[in-house]
Every structure is written in C-alpha cells, then in structure tokens.
Amino acid sequence: MNASISTLIDHIQLPDDANTQRLFHGRGHAYEGLEHICVDWFAPVVLVTLYREVEHESLLALARSLNEKIGACQSVLVQHRWQQMAPIECLVGDDIRQLHALESGLKYHIEFGRAQNHGLFLDMKNGRDWVQANANGKNVLNLFSYTCAFSVAASQGGAKQVVNIDMSKPSLARGRDNHRLNEQATDNIIFQAVDIFKSFGRLKKFGPYQMLIVDPPSFQKGSVNIERDYGKIIRRIPQLASPNADVMLCLNSPDLDDEFLLATVKQECSALHFVDKIAPPAVFKEAHQGKGLKVMLFRYEP
C-alpha cells in the first residue's frame, strides 16, 4: 500500500452505529498527502471518494482494511470524482447502489452512481439538527432545496409549512420520497421547480416566513454564481420574512469566507442581525480557516 494511503487508516473515525457520517476528510488539507481522499459511512456501505487517481493495488488494500475494521460493512465503493461523470465501482463486498441513510433519527434515500452527488451533504448535519430543533410552528422557506433534507428535518421538528424551491424536478421528487420515507404527511409541504431569480413572486405567494434557509451552490452553469448572486437573494429577504424570522445563510465556496457573507448582509439587508455560527461535524477538519462550509444564523429585525 502507498505510504500516504496506509497512514489514512490511523486517522479514520470508525463508526459505532448505523448513523451516516464522514469518517475521513482529506479535502480539508489537514492531512498531508491525503488531500484527494474522503471516506464516508452509509451503513452498510463505505464510500471512498477520490479527487485524483490512486494506484489500484493501494486502493484495493485500503478497501479491504476498511471492510475488516468496520464490522457492519457489507460493501466498499469508490467514486472517481477526478474522472468525467464521476463513475463508481465496487472494490469489496456487494455492489450496493441504493440505500436509506440514517441521520438523527431520520432516513434519506441515497443512490450511488446516478449523479455526482448521492443525495445528502454530510457537512450540513449540524445545520439540519438545528432546523429540526427550531422549526416548530413555523412557515419555512427552503431555497435551493435539492433533495429536501432541510424540509424533512423541519417537518420532523413540527413546522407548520415548508416551501421547497429548486430548479431540479428530479431532486424535488426525491425530496417528496424522503418525506414519505419518514412517514411525514406532505399536505403542508410545497415543492416548486422554479428559478428563484426569475420567479420571485412564487416565493412571496406562500409567505411570509418565520424561518428561511438559503443553501445555494457556489456555481451552477447558467443559473447561479454565488459571488455575483448572493446579494440578489439577501436583498429580497424583507419581502419574504416575518419580523424576528430566523435566517440561515450557507456558503460552500472555498474562495469566499465569513467576511464575504457578513459584508453582503450589511450592504443588502441591514435588518439582518448576526446571531451565531453552526460548525460542521468535527471530522470536517480544515487546515485553513474559512475554506470549508460556512453556516451563519441571523435574526430579521426590521
């Protein structure tokens, strides 16, 4: 096994239950020589994600070691994110491509290989937990909702209504399935496949909101460039939010830090007052502060 790959085993955070979690976060550049590797646990599957090529024998040895150390493991998959279409292959065990991930008592449909992303962003776990704990009785707006994980958390937390906005109809369909998977009624859950920059009236229709969640992609060709567009979203908040609404603003770009978000809020919506930050799980260790996921909580006080 390659020397740097062999040291990865020493840093693995072995799971002690079936909860979905990251086991190793190389992308934070905190482990020299392992910046191109992440390892996740989707019981009973271990997923190794590679951002550059790794010699096959070393990769296979890593997979066998992970399979041996994690007793509940039935499959080790590898996703080659460095290749076009990010193909997935099975290295050890059964070739499991679909499963239900468990997180904080909730289940989410996961599918490996259909798209680059599998359906749940693990660094946002603490954000989903916060939503579940604070959504009771609130009308919630979930922008860039993807597969509606925030919506599932809000519904579980007793939200009065959740409005999911995303351009992707397949993602919203999977979101509806996630609600059903958790035996949550969807009569108070709204799914709107629209471009928020072109359909602002649709957002206002279901408001005002007592909780707003904004989790945009850093860049989406033909749709979103977050450095250019985040201000356009934030300046609309007064038309969407109730007084004292909770506003969660998320930022995924490694090139933009907390100060970008704070400065944009100050410029575009001075009635938003900073309350707190939500850190990702500790395993998402970053060598350089501000490169990873940023989640900030604000209170709208007009």
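Counting in the numbering used here, the sequence shown runs from 140 upward without gaps. Quick reminder that beta carbons are idealized off the backbone N, C-alpha and C, glycines included.
Query                                                                                                                      : Result
For asparagine 327 and lysine 299, the rounded distance between their alpha carbons                                        : 7 Å
Coil, strand or helix - proline 446 by DSSP                                                                                : Given that the chain is displayed from residue 140 to residue 441, the structure contains no residue 446 and the question cannot be resolved.
Simplified DSSP state of glutamate 207, which is helix, strand or coil                                                     : helix
Nonlocal neighbours in the same chain, by C-beta distance under 7 Å from aspartate 316, ignoring five residues either side : His248
Minimum C-alpha distance to phenylalanine 283 - residue among Ser197, Ile352, Gly276, Leu395                               : Ile352
Glutamine 96 burial status per 10 Å Cβ neighbour count (16 or more: buried)                                                : Since the first and last residues shown for the chain are 140 and 441, residue 96 lies out of range.
For tryptophan 180 and aspartate 155, the rounded distance between their alpha carbons                                     : 11 Å
Identity of the residue in Ala293, Trp269, Asn303 nearest tyrosine 285 by Cα                                               : Asn303
Reference aspartate 268; option with closest CA among Pro420, Gly429, Ala426, Tyr439                                       : Pro420
Through-space distance from lysine 264 to aspartate 394, alpha-carbon basis                                                : 22 Å
Sheet register partners of histidine 185 (DSSP bridge)                                                                     : Checking the sequence shown, residue 185 turns out to be valine, not histidine. BP columns for valine 185 point to Trp180, Val215.
Glutamine 255 versus Leu280, Pro347, Ile227, residue with shortest Cα-Cα distance                                          : Ile227
Under the three-state DSSP convention, the category glycine 244 falls into                                                 : coil
For alanine 100, the nearest candidate out of Gln222, Ala402, Cys287, Arg191 (CA to CA)                                    : Nothing in the structure corresponds to residue 100, since the chain is present only between 140 and 441.
Rounded straight-line distance, which links the Cα of alanine 410 to that of proline 183                                   : 46 Å
Separation of alanine 202 from alanine 312, as counted between CA atoms                                                    : 33 Å
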